[in-house]
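Q: The C-terminal residue of the sequence shown carries number 579 in my numbering, and the numbering is unbroken.
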Amino acid sequence: MKITKVYSREILDSRGFPTVSCTLELENNRKVCASVPAGASVGVHEAHELRDGDKKWFLGRGVTHAVHNLEHKIGPVLIGHKPDIIALDKIMLELDGTENKSKLGANAILAASIAVTRAQALCENVEIFELLHKIFDIKTPVIPNCMFNIINGGMHADSGLVFQEFMIMPRKQKSIPRSMKELLNMTVTVYQNLKSLLHKNGYATGIGDEGGFAPEFELGHQLREKTALDFIMQAIEQSGYSHDDIGICLDIAASSFFDAQGDCYVMGEQFISREQLLEIYEELVKYYPIISIEDGMAEDDWDGWEKLTHALGDKVQLVGDDIFVTNIARIKQGIDKKIANAVLIKPNQIGTVTQTVQAIKFCKEHNYKTVVSHRSGETNDSFIADLVVGTGAGQFKAGAPVRGERVAKYNRLLEIEEKL
């Protein structure tokens with residue numbers, strides 16, 4: 160069954176900015192669609208997201224050039240081929256010819272790549288996670304542990320919190336495995352109890368880009384971040400759970416408050432060294448059940464990452480996002496320098512499904528854990544839920560258990576769990 164038509168359009172992501180959608184039509188007139196997310200906290204080493212820059216069109220955030228490239232440059236090389244993600248990803252990479260996909264745009268290429276994957280699964284009459292498991296020779300599909308965002312800060316909310324994401328991870332018990340339904344029940348219970356606690360204490364319960372609450376905590380005798388953690392602890396306990404049931408995960412997004420010129424970090428009005436920032440993490444890990452810290456140091460602060468890994472690498476999971484950007488070359492640098500012990504996986508950081516899966520497999524081969532992740536500007540496309548299961552990546556983050564574009568992923572995991 161060959162591809163007969165390829166067309167694209169601008170659609171809106173969850174933040175109200177344009178992103179790219181791709182539709183493929185097959186010989187039997189069946190159609191598949193795919194859409195790609197966009198980030199707010201974007202690493203400088205990510206593949207190039209093509210934006211128009213015309214201030215009169217969506218404030219410069221339009222993607223009409225990417226849509227044009229998809230329809231008039233990528234489309235013609237896909238038409239007439241059977242959907243084959245490995246072969247067609249290779250053709251698209253050769254067509255672009257740049258290291259960071261700056262010619263065609265990673266957003267255009269990825270939209271086509273996901274659509275081809277969906278079309279191939281349709282043609283082979285399998286689920287997407289089954290297709291990925293088979294063609295990339297992954298041992299076992301696995302329902303992941305999930306990090307659920309419950310408080311937003313950083314670039315995702317005007318809450319005054321410097322740290323970007325405060326998440327909870329219900330722990331899967333080895334003796335009595337918890338189902339996805341049970342994990343969602345635990346999360347929603349904590350999330351709703353947190354909402355009640357915030358409201359009771361006079362804080363607003365509006366939400367940020369990824370569905371977590373965005374309260375404005377006062378500056379006092381302790382960091383606002385500690386106040387956020389204290390509320391999360393209360394919500395966990397009020398829900399009837401303990402540290403053995405639920406751990407806390409942080410996405411610091413340190414690149415967003417790193418001052419390269421001063422070679423320091425800026426928290427509020429304070430300028431602190433990487434060593435002082437590390438002391439903050441060590442204190443938090445000591446007093447709270449923190450099991451994972453993402454982007455604890457900035458994307459090019461290799462010295463800071465080495466210090467962080469040396470101090471906490473054997474105590475908590477240290478996830479590299481901006482420093483690695485789902486790029487095997489950069490992940491290899493981190494492995495060689497013994498930096499971090501886990502890698503965040505975002506398909507739009509690298510631009511094709513094939514390269515994304517290759518990055519996951521590379522991490523596994525070097526005993527680095529992997530966390531498949533959404534972006535702050537999401538769509539209702541649930542592809543990454545199939546990706547995390549089909550590759551056995553193990554961990555997943557798709558935001559809070561609210562907002563359609565977030566729960567689409569979690570609902571897809573429920574569906575996949577039934578099939579498994």
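Just so you know, even glycine gets a beta-carbon here, dropped at the ideal spot from N, CA and C. Please read all numbers here as calculations on a predicted model, not as lab measurements.
1. Flag this pair as touching only if the stretch 279-293 and the stretch 168-180 have three or more C-beta atom pairs under 8 angstroms; answer yes or no.
2. Going straight from the alpha carbon of W216 to that of N526, what length do you get?
3. Going by Cα to Cα distance, which pick from R433, M345, V425, E377 is closest to A394?
4. Between the Cα of V191 and the Cα atoms of L247, G319, A274, D255, which residue gives the shortest distance?
5. Can you give the beta carbon distance from A267 to D540, rounded, assuming they're within the 8 angstroms contact cut?
6. Got a sec? Which residues, its chain only, sit under 7 angstroms from P242 by beta carbon, not counting five neighbours each side?
7. Based on the DSSP secondary-structure assignment, which residues constitute the bridge partners of R168?
8. Applying the criterion that 16 or more other CB atoms from any shown protein chain within 10 Å of the CB defines a buried residue, is E442 buried or exposed?
9. For K483, count the other beta carbons within 10 Å of its own beta carbon; 16 or more makes it buried, fewer makes it exposed. Which is it?
10. Which residues mark the beginning and the end of the alpha helix (DSSP H) in which A193 is found?
11. For Y400 and C408, I'd like the C-alpha separation in whole angstroms.
12. Note the first and the last residue of the continuous beta strand (DSSP E) segment covering N311.
13. How should Q476 be labelled, buried or exposed, when 16 other C-beta atoms within 10 angstroms of its C-beta is the threshold for buried?
14. Is P560 closer than 7 angstroms to F307 when the C-beta atoms are compared?
15. Once DSSP output is grouped into helix, strand and coil, what is the label at K556?
16. Under 7 angstroms Cβ to Cβ from D213, same chain only, skipping five residues before and after it: list those, please.
17. I'd like to know whether the C-beta atoms of G455 and M328 end up nearer to each other than 7 angstroms.
18. As a quick exercise: from E341, N360, E384, I309, pick the residue whose alpha carbon is nearest that of D368.
A: Taking the definition as stated:
1. Flag = no, the stretch 279-293 and the stretch 168-180 do not touch.
2. As a working note, residue 216 is residue 57 in the sequence shown. As a working note, residue 526 is residue 367 in the sequence shown. Going by the C-alpha atoms only, they are around 45 angstroms apart.
3. Sequence index remark: in the sequence shown, residue 394 carries index 235 (1-based). Per the Cα distances, M345.
4. Against the sequence shown, residue 191 aligns to sequence position 32. Nearest C-alpha to V191: A274.
5. Walking along the sequence shown from the start, residue 267 turns up at place 108. Walking along the sequence shown from the start, residue 540 turns up at place 381. A Cβ-Cβ separation of about 15 angstroms leaves A267 out of contact with D540 under the 8 angstroms criterion.
6. To locate residue 242, count along the sequence shown from 1; it is residue 83. Same-chain partners within the cutoff: I162, V275, A278, Q279, C282.
7. For the purposes of this step, residue 168 is taken as the residue at position 9 of the sequence shown. Paired residue(s): S180.
8. Here residue 442 corresponds to residue number 283 of the sequence shown, with the count starting at 1. That one is exposed.
9. By one-based count along the sequence shown, residue 483 stands at place 324. Lys is not the amino acid found at residue 483; the sequence shown has Phe there. Under this definition F483 is a buried residue.
10. Walking along the sequence shown from the start, residue 193 turns up at place 34. No alpha helix (DSSP H) holds A193; the beta strand (DSSP E) holding it covers 190-194.
11. If you number the sequence shown from 1, residue 400 lands on position 241. If you number the sequence shown from 1, residue 408 lands on position 249. Straight-line Cα distance between these residues: approximately 16 angstroms.
12. Locating residue 311 in the sequence shown gives position 152, counting from the first residue. Where N311 is concerned, the enclosing beta strand (DSSP E) stretches over 304-311.
13. As a working note, residue 476 is residue 317 in the sequence shown. Under this definition Q476 is a buried residue.
14. As a first step, residue 307 is located in the sequence shown; it is residue number 148 there, counting from the start. As a first step, residue 560 is located in the sequence shown; it is residue number 401 there, counting from the start. The criterion of a C-beta distance shorter than 7 angstroms is satisfied by F307 and P560.
15. Your numbering for residue 556 matches position 397 in the sequence shown. The DSSP-derived three-state label of K556 is strand.
16. Locating residue 213 in the sequence shown gives position 54, counting from the first residue. G219, G221.
17. Along the sequence shown, one-based indexing puts residue 455 at 296. Along the sequence shown, one-based indexing puts residue 328 at 169. Cβ distance not < 7 angstroms, so G455 and M328 don't count as in contact.
18. The residue given as residue 368 occupies position 209 in the sequence shown. Closest option to D368, Cα to Cα, is I309.
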